[in-house]
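In what follows, a single structure is set out as structure tokens and then discussed.
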Amino acid sequence: MKAAILSNSASIIVAHNHPSGHCEPSREDIEVTKRLVEAGRVIGIDVLDHLIVCPERYLSLKEKGYI
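Going by the working numbering, the final residue of the sequence shown carries number 76, and the count climbs one at a time with no gaps.
Here's what the structure looks like:
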């Protein structure tokens, strides 16, 4: 969020990788996403999506209904 605040961003997309190739979100991935969305609400920055990037594909937590 610090980079988004310093850039005067209205919204962000968060991404991280799973080099193992397993794109399913972990419990921690889901929890961090919820916390980022809530923090964004407080400071006025929308979290549009959280992507998990794997070697062969990606997963959108928004498409999965977590955002």
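Don't be surprised by glycine CBs; every beta carbon is placed ideally from N, CA and C.
#### Entry: Cut-off 7 Å between Cβ atoms - residues of its own chain near Ala48, not counting five sequence neighbours on either side
Mapped onto the sequence shown, residue 48 falls at position 39. A distance below 7 Å between beta-carbons, with the five flanking residues on each side excluded, links Ala48 to the following residues of its chain, in chain order: Met10.
### Contacts around Thr42, its chain only, beta-carbon distance under 6 Å, and the 5 residues preceding and following it disregarded
Here the question's residue 42 lines up with position 33 in the sequence shown. Within the same chain, Thr42 has close Cβ partners His59, Leu70 and Tyr75.
### Message
For Ala127, report the span of its alpha helix (DSSP H) as first-last.
### Response
There is no way to answer for residue 127, as the model of the chain reaches only from 10 to 76.
### Query
From Lys73, Cys32, Leu57 and Pro28, pick the residue whose C-alpha is nearest to that of Tyr67; which is it?
For the purposes of this step, residue 67 is taken as the residue at position 58 of the sequence shown. Closest by C-alpha distance to Tyr67, out of Lys73, Cys32, Leu57 and Pro28, is Cys32.
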